[in-house]
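In case it helps, my numbering puts the sequence shown at residues 13 to 629. Just so you know, even glycine gets a beta-carbon here, dropped at the ideal spot from N, CA and C.
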Amino acid sequence: MGAFRWFSLIFFIWFGCGPAHAERRVALVIGNSAYKSVAKLANPANDAVLVGGMFRKAGFDWIDTRTDLNAADMRKALREFGARARDAEVAVIYYAGHGIELDGTNYLIPVDAALETDSDVLDETVGLDRALFAVEPAKQLRLIILDACRDNPFAKTMKRTVAARAIGRGLAKVEPTSPNTMIAYAAKAGSTASDGDSRNSPFAAALVERLPTPGLDLRKAFGFVRDDVLKTTGYKQEPYVYGSLGGDDVPLVAAKPVVTAPQANPQDAVRRDYELALQIGTREVWTAFLAEYPEGFYASLAKGQLNRIAAEETRAAAAEKARRAEDEKARLAADRAQKAEQDKAAAAAKAAEDARIAAEKAKQIEEARAAAAEQRRKEAEAAVAKALADKAAAEKALADKIANEKAAAEMAARDAAATKAQDGGELKVAAAAPTSSQPSLSPQEAAKAVQSELRRVGCLSAPADGDWKVSSQRSLAMFNKYAGTRLDPTAAGLDALDAIKAKPGRVCPLVCDRGFRADGDACVKIACRAGYRVNDDNECEKIQDKKPTASREQSRARDAERKSDEAAPAKQQSSGQMICNQAGCRPVARGCRLVADTSAGIGNAAGINGRTREVCN
Numbered sequence: 013m014g015a016f017r018w019f020s021l022i023f024f025i026w027f028g029c030g031p032a033h034a035e036r037r038v039a040l041v042i043g044n045s046a047y048k049s050v051a052k053l054a055n056p057a058n059d060a061v062l063v064g065g066m067f068r069k070a071g072f073d074w075i076d077t078r079t080d081l082n083a084a085d086m087r088k089a090l091r092e093f094g095a096r097a098r099d100a101e102v103a104v105i106y107y108a109g110h111g112i113e114l115d116g117t118n119y120l121i122p123v124d125a126a127l128e129t130d131s132d133v134l135d136e137t138v139g140l141d142r143a144l145f146a147v148e149p150a151k152q153l154r155l156i157i158l159d160a161c162r163d164n165p166f167a168k169t170m171k172r173t174v175a176a177r178a179i180g181r182g183l184a185k186v187e188p189t190s191p192n193t194m195i196a197y198a199a200k201a202g203s204t205a206s207d208g209d210s211r212n213s214p215f216a217a218a219l220v221e222r223l224p225t226p227g228l229d230l231r232k233a234f235g236f237v238r239d240d241v242l243k244t245t246g247y248k249q250e251p252y253v254y255g256s257l258g259g260d261d262v263p264l265v266a267a268k269p270v271v272t273a274p275q276a277n278p279q280d281a282v283r284r285d286y287e288l289a290l291q292i293g294t295r296e297v298w299t300a301f302l303a304e305y306p307e308g309f310y311a312s313l314a315k316g317q318l319n320r321i322a323a324e325e326t327r328a329a330a331a332e333k334a335r336r337a338e339d340e341k342a343r344l345a346a347d348r349a350q351k352a353e354q355d356k357a358a359a360a361a362k363a364a365e366d367a368r369i370a371a372e373k374a375k376q377i378e379e380a381r382a383a384a385a386e387q388r389r390k391e392a393e394a395a396v397a398k399a400l401a402d403k404a405a406a407e408k409a410l411a412d413k414i415a416n417e418k419a420a421a422e423m424a425a426r427d428a429a430a431t432k433a434q435d436g437g438e439l440k441v442a443a444a445a446p447t448s449s450q451p452s453l454s455p456q457e458a459a460k461a462v463q464s465e466l467r468r469v470g471c472l473s474a475p476a477d478g479d480w481k482v483s484s485q486r487s488l489a490m491f492n493k494y495a496g497t498r499l500d501p502t503a504a505g506l507d508a509l510d511a512i513k514a515k516p517g518r519v520c521p522l523v524c525d526r527g528f529r530a531d532g533d534a535c536v537k538i539a540c541r542a543g544y545r546v547n548d549d550n551e552c553e554k555i556q557d558k559k560p561t562a563s564r565e566q567s568r569a570r571d572a573e574r575k576s577d578e579a580a581p582a583k584q585q586s587s588g589q590m591i592c593n594q595a596g597c598r599p600v601a602r603g604c605r606l607v608a609d610t611s612a613g614i615g616n617a618a619g620i621n622g623r624t625r626e627v628c629n
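See the structure below:
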């Protein structure tokens, strides 16, 4: 029974996984450059080599890359590809070269076509319907990519056999009738595509950049191709996709296997309980935590938290004792108690205040210890997380290396088989790196676009006017600070525009003035209840009633005035007698006296006439 069970399991795995391993993908790549009747195209042959290399790196089972085909060779290549597509799940045709639209029907033009008249189109070209017929046998995905919307020189010289026959610009819109079929145009129907200024066209360069992304759905991949081509051509060329697929993702390259997540840290449960206790922060919670985890790193942290709580309780008790002593002192002073009692109360109040200060210092010490322990905990957890992440990255790198080596070995084996089967010898494919050019935006338009994005992420409050001045430069420097970028703030470049667009929400924090607080993306005024005001930390605090006290400057002024009065010389004391003359009356000076004036020759003239004079020692 055991052997039968193992056999059944192997049988189920083999046949259950068979279709996934049997998925076959084939591609036909054609690039026509060397036209005989019109000017040679520079890029199609290069684009074919580049895209063929992309399919080869993407792990396609069979790739046929052809350049400069005439009508007979194009029909033969499509016929052989149709036979290959019968056994494939995915079939892709890429064509680069000239194409033409005649009466709403699209045609691909071989290099030997002359197209002197409009009726020659039916004989000398290959219809797009022939390519659709070639991919139709594929079972899951049928994809045709046309880089054939260039400005067609045949249409300018072609003679019309019927005046009413329409020859459109570019290719006509097409709607595939087969399910799971997509047709991608390098340019929207009715418009032309650009060859660009480099070795490859913008459309081909974007294709090899986006399509091979592992796990990326084709619809999203072609959306990225559209964005890249629009940016490269200055928003003049817009690729377009016709047809539809089902609801499941259809990537050109399957997603890489996900590396198994690392094992959970056995300390995670203890850490979660510790963080929960830290949020509650009561003595009872920490006591319960220590009862559950009496030993270890987190137990030491919990003991530190208990010490901090004990210090806070001691400080609160000392503060309450100091408050009661101060109240007793005030009561005794109000009752006009004896000086001895007042001194005793003052001493008790001072002792209580000293105890409160000591408890406050002890609390600060315990808080510092708890903060240091918490910091050590965070650093230890960060070190453990980094070690786990490094281990996961190393395992992922090893898995990627093994997968890449296996894919390289399989690709080498397929290349060897394909090379042996081809008559023309080994097909050399040189994949050129895609190039890109910047869209043609004026400096003012670029500055305005960057300013608009800076306003969106909250780094600029001024309007977007296109004037790159000091405020805009300061805003871009602020974006560098909070986004971790190194953009040049002196210029509004497209690299800055792309970097800011990549941020989905606010980057720079909202800064409000004093008295205001941040509420979402706006600043609102802080309202305090009666008896409270906003302090320097933008918090509501109670207004304290201050008693009038003499300042140190006023005390110093009074002391200086007193010392000046004491140092001044004493004023002379008068005898109380007054002397009067024509200038007026004044007190007799100290040490002087009044005597009768005998200058008139009469001894008692002073007594008669009242004339006196001042005589001093």
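{"Asked": "Proximity below 7 Å, CB of Arg320 to CB of Glu379", "Found": "yes"}
{"Asked": "Under 7 Å between C-beta atoms of Pro263 and Asp285", "Found": "no"}
{"Asked": "Where Arg467 falls: helix, strand or coil (DSSP)", "Found": "helix"}
{"Asked": "Bridge-paired residues (DSSP) for Ala10", "Found": "Since the first and last residues shown for the chain are 13 and 629, residue 10 lies out of range."}
{"Asked": "Asp207 classed as buried or exposed, judged by whether at least 16 other C-beta atoms fall within 10 angstroms", "Found": "buried"}
{"Asked": "Expected contact under 8 Å - CB spacing of Thr173 and Asp130 to nearest Å", "Found": "6 Å"}
{"Asked": "Within the segment 455 to 543, ranges of the alpha helix (DSSP H) (whole runs, at least 4 residues)", "Found": "455 to 468, 482 to 495 and 506 to 513"}
{"Asked": "Boundaries of the alpha helix (DSSP H) in which Arg598 is found, first to last residue", "Found": "That residue, Arg598, is in no alpha helix (DSSP H); its beta strand (DSSP E) goes Gly596 to Pro599."}
{"Asked": "Residue(s) in a DSSP beta bridge with Ala196", "Found": "Ile157 and Val253"}
{"Asked": "Helix, strand or coil at Tyr305 [DSSP, three-state]", "Found": "coil"}
{"Asked": "Secondary structure of Thr299, DSSP reduced to three states", "Found": "helix"}
{"Asked": "For Ile555, the three-state DSSP class (helix, strand or coil)", "Found": "coil"}
{"Asked": "At least three beta-carbon pairs within less than 8 Å, the segment 155 to 173 to the segment 106 to 114", "Found": "yes"}
{"Asked": "Lys171 (DSSP reduced to helix, strand or coil)", "Found": "strand"}
{"Asked": "Endpoints, the beta strand (DSSP E) within which Thr244 is located", "Found": "First-last for Thr244: Leu230 to Thr244, but that is the alpha helix (DSSP H), not the beta strand (DSSP E)."}
{"Asked": "Neighbourhood of Asp525 by C-beta, 8 Å cutoff - its chain only, sequence neighbours within 5 removed", "Found": "Cys535"}
{"Asked": "Cβ pair Gly202, Gly227 closer than 7 Å", "Found": "no"}
{"Asked": "Distance between beta carbons of Tyr254 and Ile195, contact taken as under 8 Å", "Found": "5 Å"}
{"Asked": "Bounding residues of the beta strand (DSSP E) (the contiguous stretch that carries Val133)", "Found": "Val133 -> not in any beta strand (DSSP E); alpha helix (DSSP H) instead, spanning Val133 to Glu136."}
{"Asked": "Cβ-Cβ distance between Asn82 and Pro122 below 7 Å", "Found": "yes"}
{"Asked": "Cβ-Cβ distance between Val237 and Pro224 below 7 Å", "Found": "no"}
{"Asked": "Beta-carbon proximity check, Leu509 vs Val462, cutoff 7 Å", "Found": "yes"}
{"Asked": "Distance CB(Glu101)-CB(Glu187) smaller than 7 Å", "Found": "no"}
{"Asked": "For Leu606: DSSP bridge partner residues", "Found": "Glu626"}
{"Asked": "Reduced DSSP secondary structure (H/G/I, E/B, other) of Thr326", "Found": "helix"}
{"Asked": "Own chain residues within Cβ distance below 8 Å of Ala184, not counting five before or after", "Found": "Glu113, Gly116, Thr117, Asn118, Ala201 and Gly202"}
{"Asked": "Pro31 (DSSP reduced to helix, strand or coil)", "Found": "Note that Pro31 scores a pLDDT of 39, beneath 50, so its modelled location is shaky and nothing firm can be said."}
{"Asked": "Contained beta strand (DSSP E) runs [length at least 3] in the segment 109 to 133, N- to C-terminal order", "Found": "111 to 114 and 117 to 120"}
{"Asked": "C-beta neighbour in chain B for Ala57, strict 7 Å", "Found": "The chain labelled as chain B is not found in the depicted structure, where only one protein chain is given."}
{"Asked": "Buried/exposed call for Ile75, threshold 16 Cβ in 10 Å", "Found": "buried"}
{"Asked": "For Asn58, the first and last residue of its enclosing alpha helix (DSSP H)", "Found": "Pro56 to Lys69"}
{"Asked": "DSSP beta-bridge partners of Arg545", "Found": "Glu553"}
{"Asked": "Close beta carbons around Ala267, own chain, < 6 Å, minus the five adjacent residues each side", "Found": "Pro226 and Gly227"}
{"Asked": "Same chain, Cβ closer than 6 Å to Leu313, five either side skipped, listed in chain order", "Found": "Ala385 and Arg389"}
{"Asked": "Local Cβ density within 10 Å of Asn416, reported as buried at 16 or more and exposed below that", "Found": "exposed"}
{"Asked": "Inter-residue spacing [alpha-carbon to alpha-carbon] between Val441 and Gly64", "Found": "Since pLDDT at Val441 reaches only 38, below the 50 mark, its modelled position is unreliable, and the value read off the structure follows with that caveat. Between Val441 and Gly64, the C-alpha separation is close to 7 Å."}
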